[in-house]
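Report on one structure; see the data block that follows.
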Amino acid sequence: MRRLAENFHLQLYSTSPAPKRDYHGLTITNTHIILNSWDISRGTHVFPRRKKTLLEDFPTDRWFKNEIEFLFGGHVVEYAVRLATGERNLQYIPETLVLHIVRMLAVNDILHLRQLSKIFFEICNTNSIWKIIFRKSTKRPITKTDQKQSEVMSWKYMLQRKFLEKMDSKTVFESFKRGLIPKYDQEMLDKVRFKSRTVPEADLKKTTMKSNVASTATSQKHVIDRNKTINTKKI
């Protein structure tokens, strides 16, 4: 498992356009490209459909290239093709080296690193990177409570939640309207519902559907993340 993990270059998740809304996970390693697809109409725990190809065969696999471009964007196809043809620069280094570099950077430098390219944005937007940002931002070690929370919500949202807890109810409600508060965070939703005296209950009901739709992808993604170990054993 450890040897395989060290060969990871990129792991991404996306949702199919409406009305299908299936979930897809892309893994790019030194030797293979793997696309997993979950049909959510059959439940989140159904084993995914899998398409797998050798990295060296990817540039000539027209169907696979079109599928990845449709689900993840042309920049991911370009990244995979250049990796397959032997082009190398900083954005092609393995995930473990990226994590090692990021651990030595300040939070602002990590956020600036995300702006170098679309691929660096994807690399620096993973849960592993946000765990490092969370630890640096809170200026304390990761606790057991943090680890337990991370099983149901992302490190990125856990950091956002820290800031939301310090804000007034009106600001929290605006975050709720923008879909920044997932529906599974009942404690924060209770703060919106019961502590915000200035927000009418009708407004809460009006924005609930929008918030739930915006947070469904985040909720489903972490169900998939919990099964990632099982999936990588099949690679």
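In the numbering used here, the protein residues as written are 1439 to 1673. C-beta atoms are modelled at their ideal positions from N, C-alpha and C, and glycine is treated no differently. Bear in mind the structure is a predicted one, so any value in this text is a computation, not a measurement.
When we look at the beta-carbon of residue i and count the other beta-carbons within 10 Å, is it buried (16 or more) or exposed?
i: Ser1634; result: Caution is warranted here: a pLDDT of 48 is assigned to Ser1634, below 50, making its placement in the model unreliable, and no coordinate value can be reported.
i: Asn1546; result: exposed
i: Lys1644; result: Low local confidence applies: a pLDDT of 49 at Lys1644 is under 50, so the model's placement there is unreliable, with the coordinate-based value given in what follows. Flag for Lys1644 reads exposed.
i: Lys1503; result: buried
i: Glu1589; result: exposed
i: Leu1602; result: buried
i: Asn1563; result: exposed
i: Trp1476; result: buried
i: Glu1525; result: exposed
i: Glu1560; result: buried
i: Leu1509; result: buried
i: Thr1467; result: buried
Answer yes or no: the CB of residue i versus the heavy atoms of the ligand GDP, is any distance below 7 Å?
i: Val1515; result: Annotation note on the ligand GDP: not contained in the displayed structure, which lists no ligands.
Give the C-beta separation of residue i and residue j to the nearest angstrom, bearing in mind that I take them to be a contact with Cβ-Cβ under 8 Å.
i: Thr1469; j: Leu1492; result: 7 Å
i: Pro1674; j: Thr1534; result: Coverage of the chain is limited to positions 1439 through 1673, which leaves residue 1674 absent and any answer about it impossible.
i: Ser1566; j: Leu1537; result: 6 Å
i: Ile1472; j: Arg1487; result: Actually they are not in contact, since the Cβ atoms of Ile1472 and Arg1487 sit about 11 Å apart, beyond 8 Å.
Can you name the residues that DSSP bridges to residue i?
i: Leu1448; result: Ile1466
i: Thr1453; result: Tyr1461
Is there contact here, the segment 1557-1571 with the segment 1455-1465, by at least three beta-carbon pairs under 8 Å? The answer is no - the segment 1455-1465 does not touch the segment 1557-1571, with fewer than three Cβ pairs under 8 Å.
At which residue ranges does the segment 1462-1514 contain complete beta strand (DSSP E) runs of 3 or more residues, listed in the order of the chain? With a minimum length of 3 residues, the continuous beta strand (DSSP E) runs that stay inside the segment 1462-1514 are 1470-1476 and 1487-1492.
Please determine if the segment 1506-1526 and the segment 1546-1566 are in contact, where contact requires at least 3 C-beta pairs separated by less than 8 Å. Flag = yes, the segment 1506-1526 and the segment 1546-1566 touch.
List in chain order: all unbroken alpha helix (DSSP H) runs of 4+ residues lying wholly within the segment 1530-1602. Within the segment 1530-1602, the complete alpha helix (DSSP H) runs of at least 4 residues are 1533-1540, 1545-1551, 1556-1561, 1565-1576 and 1582-1587.
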